[in-house]
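For the record, the sequence lines run as chains A, B, C and D. Take the first sequence: its position 126, counted from the start at 1, is 269 in the numbering used here, and no numbers get skipped. Take the second sequence: its position 214, counted from the start at 1, is 357 in the numbering used here, and no numbers get skipped. Take the third sequence: its position 233, counted from the start at 1, is 376 in the numbering used here, and no numbers get skipped. Take the fourth sequence: its position 8, counted from the start at 1, is 151 in the numbering used here, and no numbers get skipped. Down below is the structure, laid out as structure tokens.
Number of protein chains: 4
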Amino acid sequence: MIKEGDWVKIYFNERKWFVVRAMKGRELHTDEGIINLSDVLKAEYGGSVRTHLGVEALISKPSLEDIVFRAFRRKTQVIYPKDIASIIVRAGIGPGSRVVEAGTGSGVLTAFLAFYVRPNGEVYTYDISYGHQKIAKKNLRGLGLNVNVHFIIGDVRKTIHQKEVDAVILDLPDPWNAVKNVASSLRGGGRFVCFLPTYNQVEKAVEAIREAGFIHVESVELLERRIKAKRGETRPEFLMRGHTGFLVFSTKP
Amino acid sequence: MIKEGDWVKIYFNERKWFVVRAMKGRELHTDEGIINLSDVLKAEYGGSVRTHLGVEALISKPSLEDIVFRAFRRKTQVIYPKDIASIIVRAGIGPGSRVVEAGTGSGVLTAFLAFYVRPNGEVYTYDISYGHQKIAKKNLRGLGLNVNVHFIIGDVRKTIHQKEVDAVILDLPDPWNAVKNVASSLRGGGRFVCFLPTYNQVEKAVEAIREAGFIHVESVELLERRIKAKRGETRPEFLMRGHTGFLVFSTKP
Amino acid sequence: MIKEGDWVKIYFNERKWFVVRAMKGRELHTDEGIINLSDVLKAEYGGSVRTHLGVEALISKPSLEDIVFRAFRRKTQVIYPKDIASIIVRAGIGPGSRVVEAGTGSGVLTAFLAFYVRPNGEVYTYDISYGHQKIAKKNLRGLGLNVNVHFIIGDVRKTIHQKEVDAVILDLPDPWNAVKNVASSLRGGGRFVCFLPTYNQVEKAVEAIREAGFIHVESVELLERRIKAKRGETRPEFLMRGHTGFLVFSTKP
Amino acid sequence: MIKEGDWVKIYFNERKWFVVRAMKGRELHTDEGIINLSDVLKAEYGGSVRTHLGVEALISKPSLEDIVFRAFRRKTQVIYPKDIASIIVRAGIGPGSRVVEAGTGSGVLTAFLAFYVRPNGEVYTYDISYGHQKIAKKNLRGLGLNVNVHFIIGDVRKTIHQKEVDAVILDLPDPWNAVKNVASSLRGGGRFVCFLPTYNQVEKAVEAIREAGFIHVESVELLERRIKAKRGETRPEFLMRGHTGFLVFSTKP
Chain A
144 MIKEGDWVKI YFNERKWFVV RAMKGRELHT DEGIINLSDV LKAEYGGSVR THLGVEALIS
204 KPSLEDIVFR AFRRKTQVIY PKDIASIIVR AGIGPGSRVV EAGTGSGVLT AFLAFYVRPN
264 GEVYTYDISY GHQKIAKKNL RGLGLNVNVH FIIGDVRKTI HQKEVDAVIL DLPDPWNAVK
324 NVASSLRGGG RFVCFLPTYN QVEKAVEAIR EAGFIHVESV ELLERRIKAK RGETRPEFLM
384 RGHTGFLVFS TKP
Chain B
144 MIKEGDWVKI YFNERKWFVV RAMKGRELHT DEGIINLSDV LKAEYGGSVR THLGVEALIS
204 KPSLEDIVFR AFRRKTQVIY PKDIASIIVR AGIGPGSRVV EAGTGSGVLT AFLAFYVRPN
264 GEVYTYDISY GHQKIAKKNL RGLGLNVNVH FIIGDVRKTI HQKEVDAVIL DLPDPWNAVK
324 NVASSLRGGG RFVCFLPTYN QVEKAVEAIR EAGFIHVESV ELLERRIKAK RGETRPEFLM
384 RGHTGFLVFS TKP
Chain C
144 MIKEGDWVKI YFNERKWFVV RAMKGRELHT DEGIINLSDV LKAEYGGSVR THLGVEALIS
204 KPSLEDIVFR AFRRKTQVIY PKDIASIIVR AGIGPGSRVV EAGTGSGVLT AFLAFYVRPN
264 GEVYTYDISY GHQKIAKKNL RGLGLNVNVH FIIGDVRKTI HQKEVDAVIL DLPDPWNAVK
324 NVASSLRGGG RFVCFLPTYN QVEKAVEAIR EAGFIHVESV ELLERRIKAK RGETRPEFLM
384 RGHTGFLVFS TKP
Chain D
144 MIKEGDWVKI YFNERKWFVV RAMKGRELHT DEGIINLSDV LKAEYGGSVR THLGVEALIS
204 KPSLEDIVFR AFRRKTQVIY PKDIASIIVR AGIGPGSRVV EAGTGSGVLT AFLAFYVRPN
264 GEVYTYDISY GHQKIAKKNL RGLGLNVNVH FIIGDVRKTI HQKEVDAVIL DLPDPWNAVK
324 NVASSLRGGG RFVCFLPTYN QVEKAVEAIR EAGFIHVESV ELLERRIKAK RGETRPEFLM
384 RGHTGFLVFS TKP
């Protein structure tokens, strides 16, 4: 069932779980002992393996989110699942979409875009850094999600080669410098999303986007609050991420 | 370019825009005057039409979100885009996924699920009300998104027919009564999401989900805050939706 | 017990209650009928009166908050109780404090300051508009809270006459222009608070405050979320105020 | 100027500051060196002292908040300034108020109540633990705020001795068991506030408070979000406290 190279989740408990690829001759070292990853190849999803100390761990199929956030090699700051979800769904990105993205970074958002445009869509991901793209490429190849992705070393502020794309997603410090290129790259009705950490950037981006004639310009932030649910003692969790970034959505008319 | 039956957005300004189907012989009555929808058939996306009073409106291609939230006939309370996005992406629902959903309601979430599982996935949507499903079916047919959707009149608390599905999404008042059926319907690693308005429901649902052996049980709420961006006067908007519902995510091991 | 001129709360139910002064010969017109305010003088706090239609209303002693937010004549935008509370307590304003405030506006914050510095403290409230102060004076006189308040027509950006004050509270669009005057007016350890609606103002104010050598510079916003508590159906309320303003606190070293 | 026993703030920088009492023969050990607290007695507020390593520190007068949150000995979980502020101001507690509080805990809220009811008000603080009150008494004595405070070892669920008080503040796990005593202790128009960590408690408390005939029953939570203000890079802070507790306000009619 589990083949060489498949991703597996090795789960001891909620605080201790790992996402790795099943590989002959490799080992996973944990503080519950060593797991021989060849053993995983003999198990099935839903089954279990034991460490050399005899501690049992469940084997299950990880989700895309599990793999991306647990196993990706990352060099850049990461974007959060709540923001990725909103970008993809609110930009209307789905099977068959053609999407331009910049910068590639470690490929976290790229992986989700690639997953959602399958099987016939395309992702064109730009980064000015060869180093970033090298990591991102490796990350996506490991997931088999590199098939529909075009890695482009380039600056979207200078040029975007693609035309009539369905969406452009920019995670750049100065998206206002790319607005004209975005406008000529998008199809009518195409969606433009910027991810921005500061108010100053939101203000500048919104102004440039409005001036370029985009409609439905909307700036939002999503706050995710976790609930600690327990019989008779349910309350919001004490710790919370207070900020990740703002999302500016707009539509080419 | 625009064909009979195609969805179009007729846009006067940010506060006045409509999503309708281009139809010979139909009219759209607005306070800027009447638009003959036959005229739309002669226009193109990106072009414009005029009302009988001579007021111009842009014609563009609406997004799925535009159509669902502007043109769906609705009888039940609606789920918000921020929650839909999180449900779909965090449940790992994408091209090819097989998903069980209950209840169908007006088909708002169903439409998004159907859009995202294309072209090879399947949505099995349950509702105990024939009336709801009739509206939902009509809504989805209008979008051409009914192809991969199986409408089932039935109660998931009694039985879920499908096995080895990738995700189950319940927007029901008492999901705890369906947990066993959900567990036997999901594949290993499959994701289970409940949408729930009250803390009491979250508490009961989480307890039942944990007892059924699900892992990664996580309860969150998403607060969307809009930013009013204007040069030198940027601030959060005064009005905000304070609550829509809680999301309880979990994974079958 | 209730004397001519005393404030009373006339309470029908949670959605219908009034704060007025008991006055011979005056009437309160409500959609439950007319209340003769002379009748109130014969009642006691905790007692009740009836409208000419026979509907009963409870008579109770209103709080300062009740009076200020229900009975003050207002011409300017109002500051919210959550922000007033934080300003007063976090600025350390209490019995005996000497406080400078600008602008007076309708006197909402002034009333709370005057209440809290009693019996020996002083509030110096500046406004450049004679019209504002006239309303504020009348509002405070009605509460008997004008005794320790000095109404000053003047511009704190030009001069603040008082020295060695314990706190300065500015609800002005450009507090950065008053920072030097604030610094020379405050005693060492004195607290400076700005109430500001936009991020741009926070940014400019914080920069000026830091440059002037203030310490403990802290910018916060308070979000108040109401809970609808009902057995088995407890949840946050659907409507929420998304923004009132930011508070910038600092301390003169 | 600074006398033996006075509280002083010794400030190196925003991350390194201390609140201590000036005392002959005592030393403050810091990683910038040792400060002889006798030296502080020779300085003035606004002046400075040096460590034995020659590092300079500013001497200033600490606020009540500084002293309570930096120098109080604490054994119990603490209540936050945002909540203290709201309790005091929204309960209408000010100079001259007579207030009942339970439990005393380490005296954090007690200190603020004592500060605000000066010079003629009274605080009656109940705790069932002698140990808590011993610490609280010592904490308040150090501030000179014990004068108007009556420390009572007792259980407000069994009896509250005081009558016609202006406000009752309960930071107890089961305030519903004290509601009847609260109702007979408060004057008409008196305010009742509960501080509660969980939804379950809010639900039970609100039900009991409504049944006891209280009006204006209001449950809120305050979220404090800090802003990192910096020219061109202003944004909310990444870390945030997600929850402290809920406040339930009500009024005796």
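All residues carry an ideal CB built from backbone N, CA and C; glycine is no exception. Here the structure is a predicted model, which is why all the values come from computation and not from measurement.
Presumed contact (8 Å Cβ cut-off) between residue i and residue j, rounded CB distance
i                 : j                 : result
Glu208 of chain D : Ile358 of chain C : With a Cβ gap of about 14 Å, Glu208 of chain D and Ile358 of chain C do not count as contacting.
Ala279 of chain B : Gly297 of chain B : About 14 Å separates the two Cβ atoms, so there is no contact after all.
Leu313 of chain C : Ala245 of chain C : 6 Å
Ser362 of chain C : Val325 of chain C : The Cβ separation is near 16 Å, so there is no contact.
Ile231 of chain D : Tyr259 of chain D : 6 Å
Phe294 of chain A : Gln276 of chain A : 5 Å
Pro238 of chain A : Arg261 of chain B : 5 Å
Ala321 of chain C : Leu315 of chain C : 7 Å
C-alpha gap between residue i and residue j, whole angstroms
i                 : j                 : result
Tyr188 of chain A : Ile202 of chain B : 51 Å
Ala200 of chain A : Ser191 of chain A : 5 Å
Asn343 of chain D : Ala372 of chain D : 37 Å
Phe338 of chain D : Val345 of chain D : 9 Å
Arg241 of chain B : Thr247 of chain A : 30 Å
Asn263 of chain B : Lys347 of chain D : 50 Å
Gly356 of chain D : Pro396 of chain D : 8 Å
Leu171 of chain C : Gly197 of chain C : 14 Å
Thr302 of chain D : Ile370 of chain B : 51 Å
Lys204 of chain B : Arg368 of chain D : 39 Å
Asn179 of chain A : Gly333 of chain B : 25 Å
Leu184 of chain A : Ser229 of chain A : 36 Å
Glu147 of chain B : Asp182 of chain B : 11 Å
Leu288 of chain D : Arg169 of chain D : 24 Å
Ala186 of chain B : Val163 of chain B : 14 Å
Where the alpha helix (DSSP H) through residue i begins and ends
i                 : result
Val345 of chain B : 342 to 354
Limits of the unbroken beta strand (DSSP E) element including residue i
i                 : result
Gly333 of chain D : 329 to 339
Leu171 of chain B : 170 to 173
Tyr269 of chain B : 265 to 270
Val308 of chain B : 308 to 313
Arg368 of chain A : 358 to 371
Thr253 of chain D : Per DSSP, Thr253 of chain D belongs to no beta strand (DSSP E); it is in the alpha helix (DSSP H), 251 to 260.
Lys159 of chain B : 159 to 164
Among the options, nearest to residue i - alpha-carbon criterion
i                 : options                                : result
Asp149 of chain A : A:Ala165, A:Phe161, A:Tyr223, A:Trp160 : A:Ala165
Ala214 of chain D : D:Trp160, D:Thr394, D:Val311           : D:Trp160
Glu380 of chain A : B:Gly388, B:Pro379, B:Glu364           : B:Glu364
Gln220 of chain B : B:Glu354, B:Pro340, B:Val290, B:Gly333 : B:Pro340
Ile177 of chain D : D:Ser229, D:Arg169, D:Thr194, D:Leu184 : D:Thr194
Leu252 of chain B : B:Phe212, B:Ile153, B:Gly239           : B:Phe212
Arg464 of chain D : D:Glu350, D:Lys281, D:Gly388           : Within the shown structure, residues of chain D are numbered from 144 to 396, placing residue 464 of chain D beyond reach of any answer.
Ala310 of chain A : A:Glu265, A:Val183, A:Glu175, A:Lys185 : A:Glu265
Val224 of chain A : B:Glu376, B:Ala234, B:Lys152           : Note that residue 224 of chain A corresponds to Pro in the displayed sequence, not to Val. Checking every option, the nearest Cα to that of Pro224 of chain A belongs to B:Ala234.
Leu283 of chain A : A:Ile210, A:Ser327, A:Val322, A:Ala321 : A:Ile210
Val290 of chain C : C:Ala254, C:Asp182, C:Tyr273           : C:Ala254
Ala351 of chain A : A:Gly285, A:Pro318, A:Leu329           : A:Pro318
Asp174 of chain D : D:Ala186, D:Phe155, D:Val163           : D:Phe155
Tyr269 of chain C : C:Met383, C:Val243, C:Gly287           : C:Val243
Val360 of chain C : C:Thr377, C:Phe389, C:Arg384, C:Glu376 : C:Phe389
Met272 of chain B : B:Leu286, B:Met383, B:Val299           : According to the sequence displayed, residue 272 of chain B carries Ser and not Met. If we check each option's Cα against that of Ser272 of chain B, B:Val299 comes out closest.
Leu366 of chain C : D:Lys167, D:Val151, D:Asp226           : D:Asp226
What residues from the region 342 to 355 of chain D come within 7 Å of chain B, judged by C-beta to C-beta, listed N to C? Tyr342
Given a limit of 9 Å on CB to CB distance, which residues of the region 228 to 249 of chain B reach chain A? Ala228, Ser229, Ile230, Ile231, Val232, Arg233, Ala234, Gly235, Gly237, Pro238, Gly239
Against chain C, which members of the region 261 to 283 of chain D pass a CB distance test of less than 7 Å? Arg261, Pro262
At a CB distance below 8 Å, what residues from the region 193 to 208 of chain D approach chain C? Give them in sequence order. Leu201, Ser203, Lys204, Pro205, Ser206, Leu207, Glu208
Short-range partners of chain C found in the region 354 to 375 of chain D, where Cβ spacing is below 9 Å: Ile358, His359, Val360, Glu361, Ser362, Val363, Glu364, Leu365, Leu366, Glu367, Arg368, Arg369, Ile370, Lys371, Ala372, Lys373, Arg374, Gly375
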